[in-house]
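Residue numbering for the sequence shown is 443 to 860, as defined by the numbering used here.
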Amino acid sequence: MLLEDPKPGAPAVRRPIVVQKYGGSSVADVEKLGRVAERVVHARRAGNDVVVVVSAMGKTTDGLLKLAHDAVGAGGAGGEGREPARRELDMLVSTGERVAMSLLSIAIQARGVRAISFTGSQSGIITNDRHFDARIIEVRPHRIEDELARGAVVIVAGYQGMSYKREITTLGRGGSDTTAVALAAALGADRCEIYSDVDGVYSADPRTVPEARHLPELDHALLQEMAESGAKVVCAQAVEWARRAGIAIYARSSFEPVSDTPRQTVIRRFAPGDEPRARAIVGHRQLAHAALGELASLERAERLLLDAGAAILEEHVTEERAEWLLSLMSAPGFAEARARMAAELPSLAVTVGLGLVSVVGGGLTERGAQLVAFREALAAAAARPRRMLATALRLGAVVDAASVPDAERALHARFVAL
Ligand code: ADP
Ligand code: ASP
Ligand code: MG
């Protein structure tokens, strides 16, 4: 953006554009929202054009989803076991971010700075028509650019967009990260800062593995592998956008005081000096497995699984059978859908209650000893692997969901904390 009043004859100066994203924990109550407002005002007063993407406050999205499920069976409607329509879920959960964006705008205005809030559709986030985990297909941020030119801070509701059919859609759980990176790409932003309750990416989830190490630098490829294996710190689609558009992400904590040298993880195209080795452990506790013993219904089975909201992590097809590993992170009605699938396609066997533990890094299949160490660590944690997979970038085991945390700790001790 151009500064409002360049001196006559002086070359026009472009203000740096900064996109900041604040997750649910950073805006859990109005007190925290006020602290976020301070941080935003600081960035604006430092001479930046500031776009802020905000998530719903605290656990609002979970609360709204619970309401939807309660409404299905309410008043003796006989609807127990039915799934709420995904279109209506989008109408419902998109309100969470709308509350947060307007409150943040009010808090910023109260500090004497111009601010305006926009929903996803007002921000020009255009998606496909898959409700509850839509993909962004285009970003047309004209209104945001106009407001930045007027000197306003723009607050955008994360996690939502509008389909080309003009329906409200949401981007899958954790999707505010995707809004932030896609906007940073469309605006040609100088930086994209993602604030949460951790000061960056660690070698494992610090809630599960207290010895997890802070990783100051990471490349896009490694974080994408972590996110796709189920690490929730930055959502997988956001990392994919960042990688394609070459956007650097600065992952920071909103709970630390504002500083010019914050502790953070910088995620960019190449992280210098990375030799191939195990870098992080990832646990995923919302996994399902599906198997089809004949191939005549292959497409029908895929359609049923996707319509139930499952995201396909892996698909294996042999001459006789097909198998899927499914993430249920954005599949709120999957339990109900299972009964329907069993009735419609009895040859499709679905197992739920599973988890996945992964060692992520590089060169993981170069030495057979690493595969031996992987199996030994799982055995030491009493985690029975139902399936294992090994690529240069990831060693993974499907286990019962309940054994994931112990397996994460054992694998961290064996592979990362050497
Ligand atoms: P927000 O609500 O700000 O989007 P999230 O809960 O989505 O925050 O992401 C932050 C959380 O991610 C942390 O509280 C942490 O428990 C979890 N997490 C999982 N894996 C990692 C990891 N490898 N490094 C850091 N945090 C992780
Ligand atoms: N509020 C949404 C969720 O809880 C999106 C987000 O937090 O990024 O999944
Ligand atoms: Mg998140």
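Quick reminder that beta carbons are idealized off the backbone N, C-alpha and C, glycines included.
Here the structure is a predicted model, which means the values were calculated and not measured.
(message) Just to confirm before moving on: does the CB-CB distance between H573 and R633 stay below 8 Å?
(response) No, the Cβ-Cβ distance between H573 and R633 is not below 8 Å.
(request) Express the C-alpha separation of A626 and G593 in angstroms, rounding to a whole number. (result) For G593 and A626, the distance between alpha carbons rounds to 18 Å.
(request) Spell out a yes or no on whether the region 733–752 and the region 687–703 are touching, meaning 3 or more CB-CB pairs, one atom from each, closer than 8 Å. (result) no
(request) Say yes only if the C-beta of S739 is nearer than 7 Å to one or more non-hydrogen atoms of ligand 2, and no if none qualify. (result) no
(request) Can you have a look at F776 and say buried or exposed, based on whether 16 or more other CB atoms are within 10 angstroms of its CB? (result) buried
(request) Indicate whether L768 and L798 have their beta-carbon atoms separated by less than 8 Å. (result) Between L768 and L798, the gap from beta carbon to beta carbon reaches 8 Å or more.
(request) From the DSSP output, in three-state form, read off E670 for me. (result) helix
(request) Determine the direct distance from the alpha carbon of P699 to that of G614, and round the result to whole angstroms. (result) 31 Å
(message) Measuring alpha carbon to alpha carbon, tell me which residue in R655, A687, A779, G838 is nearest V858.
(response) R655
(request) Would you give the residue range spanned by the beta strand (DSSP E) that T650 belongs to? (result) DSSP places T650 in no beta strand (DSSP E); its state is neither H nor E.
(request) Using the Cα positions of R649 and S563, report the straight-line distance between them to the nearest angstrom. (result) 35 Å
(request) Please determine, among V759, R727, S559, E539, the residue with the shortest C-alpha to C-alpha distance to G795. (result) R727
(request) Please go through the same chain and pick out, in chain order, the residues whose beta-carbon is closer than 6 Å to the beta-carbon of A791, but skip the five residues on each side of it. (result) So the qualifying residues of the chain are A733.
(message) Closer than 7 Å to a non-hydrogen atom of ligand 1 - does that hold for the CB of V640?
(response) For ligand 1, at least one heavy atom lies less than 7 Å from the Cβ of V640.
(message) Here's the rule I'm using: 16 or more other beta-carbon atoms within 10 Å means buried, otherwise exposed. How should M443 be labelled?
(response) A caution first: M443 carries a pLDDT of 47, below 50, which makes its placement in the model unreliable, though a value can still be read off. M443 comes out buried.
(request) Determine the burial state of D471: buried for a count of at least 16 other Cβ atoms within 10 Å of its Cβ, exposed for fewer. (result) exposed
(message) Rounded to whole angstroms, what is the Cα-Cα separation between E717 and G804?
(response) 8 Å
(request) Quick one: give me the first and last residue of the beta strand (DSSP E) that T833 is part of. (result) Here T833 belongs to no beta strand (DSSP E), and DSSP marks it neither H nor E.
(message) I'd like to know if the region 598–612 and the region 531–538 are in contact, where contact means that at least 3 CB-CB pairs between them fall below 8 Å.
(response) yes
(request) Identify which residue in R457, E587, A599, M830 has its Cα closest to the Cα of S544. (result) A599
(request) Within 10 angstroms of the Cβ of D491, are there 16 or more other Cβ atoms? Answer buried if so, exposed if not. (result) buried
(message) Are the CB atoms of T569 and Y601 within a distance shorter than 8 Å?
(response) No, they are not a contact pair.
(request) Within the region 695–749, note down every full beta strand (DSSP E) run reaching 3 residues or more, in order along the chain. (result) 707–710, 720–734
(request) Would you be able to state if there are at least three C-beta pairs under 8 Å between the region 810–822 and the region 777–788? (result) no
(request) Consult DSSP for M443 and reduce its assignment to one of helix, strand or coil. (result) Residue confidence is low: M443 scores 47 on pLDDT, short of 50, so the model does not pin down where it sits. Its coordinate-derived value is still stated next. Coil at M443, not helix or strand.
(message) Going by C-alpha to C-alpha distance, which of A624, P526, K607, G523 sits closest to I567?
(response) A624
(request) Report yes if the CB atom of A687 is closer than 8 Å to the CB atom of V460, and no otherwise. (result) No.
(message) Is T569 close to ligand 2? I mean its beta-carbon at under 7 Å from any heavy atom of the ligand.
(response) no
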